[in-house]
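Participant:
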Amino acid sequence: MLRSPSPTEQHGVALGFIMKEQREIAARATVSTPPTPRVESLKLHVNSYVGREGEPLLRWLVEVDTAITARRIVDPLSKVAFAISCLGGRGMSWASRAEFLDLQQGKHDVHAYAQRAGSLVSNIVTNPIDEATKVVTFMKRLKDGSVKTYLFREYPSTLEAAITLAM
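The sequence shown begins at 1 in my numbering and counts up one residue at a time.
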(Lines of atoms letter the chains of each structure in order from A and count residues from 1; the text may use other names and numbers.)
(Lines give C-alpha, C1' and ligand atoms only; values in the text may rest on other atoms or scores of the structure.)
Protein backbone atom coordinates (compact mmCIF):
# COMPACT_ATOMS: atom_id res chain seq x y z
CA MET A 1 0.00 0.00 0.00
CA LEU A 2 0.98 3.56 -0.54
CA ARG A 3 1.57 5.67 2.47
CA SER A 4 2.38 9.34 2.68
CA PRO A 5 5.68 10.20 4.35
CA SER A 6 5.63 11.82 7.75
CA PRO A 7 6.53 15.50 8.09
CA THR A 8 9.98 14.57 9.36
CA GLU A 9 10.58 12.33 6.34
CA GLN A 10 9.32 15.08 3.98
CA HIS A 11 11.69 17.54 5.63
CA GLY A 12 14.58 15.08 5.22
CA VAL A 13 13.83 14.52 1.53
CA ALA A 14 13.59 18.27 0.87
CA LEU A 15 16.81 18.94 2.79
CA GLY A 16 18.59 16.19 0.83
CA PHE A 17 17.39 17.68 -2.45
CA ILE A 18 18.59 21.17 -1.46
CA MET A 19 22.00 19.86 -0.38
CA LYS A 20 22.39 17.96 -3.67
CA GLU A 21 21.52 21.10 -5.68
CA GLN A 22 24.03 23.20 -3.71
CA ARG A 23 26.82 20.64 -4.31
CA GLU A 24 26.10 20.65 -8.06
CA ILE A 25 26.14 24.45 -8.19
CA ALA A 26 29.43 24.57 -6.27
CA ALA A 27 30.95 21.98 -8.62
CA ARG A 28 29.91 23.99 -11.66
CA ALA A 29 31.36 27.19 -10.18
CA THR A 30 34.80 25.66 -9.60
CA VAL A 31 34.93 24.10 -13.07
CA SER A 32 33.99 27.24 -14.97
CA THR A 33 35.04 27.61 -18.57
CA PRO A 34 37.93 29.98 -19.14
CA PRO A 35 36.87 33.29 -20.68
CA THR A 36 37.44 33.66 -24.39
CA PRO A 37 40.29 36.04 -25.08
CA ARG A 38 39.15 39.46 -26.22
CA VAL A 39 40.35 40.34 -29.67
CA GLU A 40 41.91 43.79 -29.71
CA SER A 41 41.42 45.95 -32.77
CA LEU A 42 44.45 47.64 -34.26
CA LYS A 43 44.21 51.41 -34.62
CA LEU A 44 46.15 52.45 -37.70
CA HIS A 45 46.74 56.10 -38.60
CA VAL A 46 45.38 57.24 -41.95
CA ASN A 47 46.68 60.43 -43.53
CA SER A 48 43.98 62.93 -44.43
CA TYR A 49 43.03 63.15 -48.08
CA VAL A 50 43.00 66.83 -49.00
CA GLY A 51 42.54 66.57 -52.76
CA ARG A 52 45.72 68.37 -53.84
CA GLU A 53 46.95 68.03 -57.40
CA GLY A 54 48.88 64.77 -57.77
CA GLU A 55 47.74 63.38 -54.40
CA PRO A 56 47.09 59.66 -54.98
CA LEU A 57 43.43 58.93 -54.21
CA LEU A 58 43.82 55.19 -54.79
CA ARG A 59 46.60 54.93 -52.20
CA TRP A 60 44.43 56.79 -49.67
CA LEU A 61 41.49 54.46 -50.37
CA VAL A 62 43.73 51.43 -49.72
CA GLU A 63 44.93 53.02 -46.44
CA VAL A 64 41.34 53.65 -45.34
CA ASP A 65 40.27 50.12 -46.28
CA THR A 66 43.23 48.64 -44.36
CA ALA A 67 42.43 50.76 -41.30
CA ILE A 68 38.74 49.77 -41.44
CA THR A 69 39.72 46.09 -41.54
CA ALA A 70 42.24 46.52 -38.70
CA ARG A 71 39.68 48.33 -36.55
CA ARG A 72 37.13 45.57 -37.26
CA ILE A 73 34.50 48.02 -38.48
CA VAL A 74 31.70 46.04 -40.13
CA ASP A 75 28.71 48.40 -40.22
CA PRO A 76 28.52 50.21 -43.61
CA LEU A 77 27.48 53.52 -42.02
CA SER A 78 30.40 53.32 -39.60
CA LYS A 79 32.76 52.64 -42.51
CA VAL A 80 31.54 55.75 -44.32
CA ALA A 81 31.77 57.85 -41.15
CA PHE A 82 35.34 56.67 -40.60
CA ALA A 83 36.33 57.44 -44.20
CA ILE A 84 34.78 60.93 -43.96
CA SER A 85 36.69 61.55 -40.73
CA CYS A 86 39.90 60.96 -42.71
CA LEU A 87 39.14 63.72 -45.21
CA GLY A 88 40.50 67.24 -45.14
CA GLY A 89 40.50 70.35 -47.34
CA ARG A 90 38.55 69.91 -50.58
CA GLY A 91 37.59 66.36 -49.67
CA MET A 92 36.01 67.46 -46.38
CA SER A 93 34.31 70.35 -48.15
CA TRP A 94 32.82 67.94 -50.71
CA ALA A 95 31.61 65.54 -47.99
CA SER A 96 30.09 68.38 -45.94
CA ARG A 97 28.30 69.75 -49.01
CA ALA A 98 26.83 66.34 -49.85
CA GLU A 99 25.73 65.75 -46.25
CA PHE A 100 24.17 69.23 -45.93
CA LEU A 101 22.20 68.86 -49.16
CA ASP A 102 20.88 65.50 -47.87
CA LEU A 103 20.36 66.55 -44.22
CA GLN A 104 16.89 66.15 -42.70
CA GLN A 105 15.56 66.95 -39.24
CA GLY A 106 14.20 63.44 -38.75
CA LYS A 107 13.83 62.54 -35.07
CA HIS A 108 16.11 65.34 -33.88
CA ASP A 109 14.82 68.49 -32.26
CA VAL A 110 15.09 71.81 -34.12
CA HIS A 111 18.11 72.90 -32.08
CA ALA A 112 20.16 69.78 -32.94
CA TYR A 113 19.13 69.99 -36.60
CA ALA A 114 20.08 73.67 -36.80
CA GLN A 115 23.42 73.01 -35.10
CA ARG A 116 24.27 70.21 -37.53
CA ALA A 117 23.28 72.30 -40.55
CA GLY A 118 25.40 75.23 -39.36
CA SER A 119 28.35 72.96 -38.67
CA LEU A 120 28.19 71.38 -42.12
CA VAL A 121 27.88 74.72 -43.90
CA SER A 122 30.91 76.07 -42.03
CA ASN A 123 32.99 73.16 -43.39
CA ILE A 124 32.18 74.04 -47.01
CA VAL A 125 35.08 76.26 -48.03
CA THR A 126 35.65 75.40 -51.68
CA ASN A 127 32.86 76.28 -54.10
CA PRO A 128 30.46 77.54 -51.38
CA ILE A 129 26.69 77.09 -51.63
CA ASP A 130 24.74 80.29 -52.35
CA GLU A 131 22.69 81.70 -49.47
CA ALA A 132 19.27 81.09 -51.08
CA THR A 133 20.04 77.38 -51.53
CA LYS A 134 21.19 77.11 -47.90
CA VAL A 135 17.98 78.72 -46.63
CA VAL A 136 15.63 76.70 -48.84
CA THR A 137 17.43 73.42 -48.07
CA PHE A 138 17.31 74.12 -44.32
CA MET A 139 13.61 75.04 -44.37
CA LYS A 140 12.46 72.23 -46.68
CA ARG A 141 14.15 69.54 -44.57
CA LEU A 142 12.45 70.61 -41.33
CA LYS A 143 9.64 68.40 -40.04
CA ASP A 144 6.18 69.70 -40.89
CA GLY A 145 4.90 71.86 -38.08
CA SER A 146 4.68 75.35 -36.67
CA VAL A 147 8.42 76.12 -37.02
CA LYS A 148 8.47 75.19 -40.70
CA THR A 149 5.27 77.16 -41.37
CA TYR A 150 6.65 80.20 -39.54
CA LEU A 151 9.92 80.11 -41.48
CA PHE A 152 8.16 79.88 -44.84
CA ARG A 153 5.95 82.79 -43.81
CA GLU A 154 8.94 84.95 -42.79
CA TYR A 155 11.26 83.60 -45.52
CA PRO A 156 14.64 84.76 -44.10
CA SER A 157 17.40 85.83 -46.48
CA THR A 158 20.32 84.07 -44.74
CA LEU A 159 20.84 80.69 -43.11
CA GLU A 160 21.85 82.40 -39.86
CA ALA A 161 18.57 84.32 -39.83
CA ALA A 162 16.63 81.11 -40.54
CA ILE A 163 18.38 79.33 -37.67
CA THR A 164 17.71 82.25 -35.32
CA LEU A 165 14.01 82.30 -36.26
CA ALA A 166 13.76 78.52 -35.88
CA MET A 167 15.02 78.71 -32.32
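Beta carbons: idealized from backbone N, C-alpha and C, even for Gly.
Considering only C-alpha positions, which residue in the set ILE124, ASP130 and ALA14 is nearest to ALA95?
Facilitator: To locate residue 95, count along the sequence shown from 1; it is residue 95. If we check each option's Cα against that of ALA95, ILE124 comes out closest.
Participant: Where DSSP assigns a beta bridge to TYR49, which residues make up the other side?
Facilitator: As a position in the sequence shown, residue 49 is number 49, starting the count at 1. TYR49 is bridged to LEU87.
Participant: Expressed to the nearest angstrom, what Euclidean distance is found between the alpha-carbon atoms of THR137 and THR149?
Facilitator: Working through the sequence shown from its first residue, we reach residue 137 at position 137. Working through the sequence shown from its first residue, we reach residue 149 at position 149. Cα to Cα, THR137 sits roughly 14 Å from THR149.
Participant: The alpha helix (DSSP H) with THR126 in it runs from where to where?
Facilitator: Working through the sequence shown from its first residue, we reach residue 126 at position 126. Looking at the DSSP string, THR126 is not in any alpha helix (DSSP H), and its letter there is neither H nor E.
Participant: By a C-beta neighbour count over all protein chains shown, 10 Å radius and 16 as the cutoff for buried, is TYR49 buried or exposed?
Facilitator: If you number the sequence shown from 1, residue 49 lands on position 49. Buried: at least 16 other Cβ atoms inside 10 Å.
Participant: Is the stretch 40-58 touching the stretch 79-88, taking contact as three or more C-beta pairs under 8 Å?
Facilitator: Yes, the stretch 40-58 touches the stretch 79-88.
Participant: Cα separation between SER122 and LEU159?
Facilitator: Position 122 of the sequence shown, counting from 1, holds the residue named residue 122. Position 159 of the sequence shown, counting from 1, holds the residue named residue 159. Their Cα atoms are separated by approximately 11 Å.
Participant: For SER157, which residues in the same chain have their Cβ closer than 6 Å to its Cβ, ignoring the five residues on either side in sequence?
Facilitator: As a first step, residue 157 is located in the sequence shown; it is residue number 157 there, counting from the start. Once the five neighbours on either side are set aside, SER157 has no close Cβ partner at all.
Participant: Roughly how many whole angstroms lie between the Cα atoms of ILE129 and ARG72?
Facilitator: The residue you call residue 129 lines up with position 129 of the sequence shown. The residue you call residue 72 lines up with position 72 of the sequence shown. Using only the alpha carbons, I get a separation of about 36 Å.
Participant: Taking the alpha-carbon positions, what's the LEU61 to ALA67 distance?
Facilitator: By 1-based counting over the sequence shown, the position of residue 61 is 61. By 1-based counting over the sequence shown, the position of residue 67 is 67. About 10 Å.
Participant: Along the chain, where does the alpha helix (DSSP H) containing LYS134 start, and where does it finish?
Facilitator: On the sequence shown, position 134 is the one that residue 134 refers to. Counting along the chain, the alpha helix (DSSP H) containing LYS134 begins and ends at 131-140.
Participant: Buried or exposed: where does TYR113 fall if 16 or more other Cβ atoms within 10 Å of its Cβ makes it buried?
Facilitator: The residue labelled residue 113 in the question sits at position 113 within the sequence shown. It is buried - the Cβ of TYR113 has at least 16 other Cβ atoms within 10 Å.
Participant: Taking THR69 as part of the alpha helix (DSSP H), name the residues at either end of that continuous run.
Facilitator: Here residue 69 is taken as the residue at index 69 of the sequence shown, counted from 1. Residues 57-70.
Participant: Are the CB atoms of LEU103 and LEU120 nearer to each other than 8 Å?
Facilitator: Position 103 of the sequence shown, counted from the start, is the residue given in the question as residue 103. Position 120 of the sequence shown, counted from the start, is the residue given in the question as residue 120. The answer is yes: Cβ separation under 8 Å.
Participant: May I ask which residues mark the beginning and end of the alpha helix (DSSP H) holding ILE73?
Facilitator: Translated into positions along the sequence shown, residue 73 becomes position 73. Taken as a continuous stretch (DSSP letters only), ILE73 belongs to no alpha helix (DSSP H), as it is neither H nor E.
Participant: For THR164, report the span of its alpha helix (DSSP H) as first-last.
Facilitator: Walking along the sequence shown from the start, residue 164 turns up at place 164. Start and end: 159-166.
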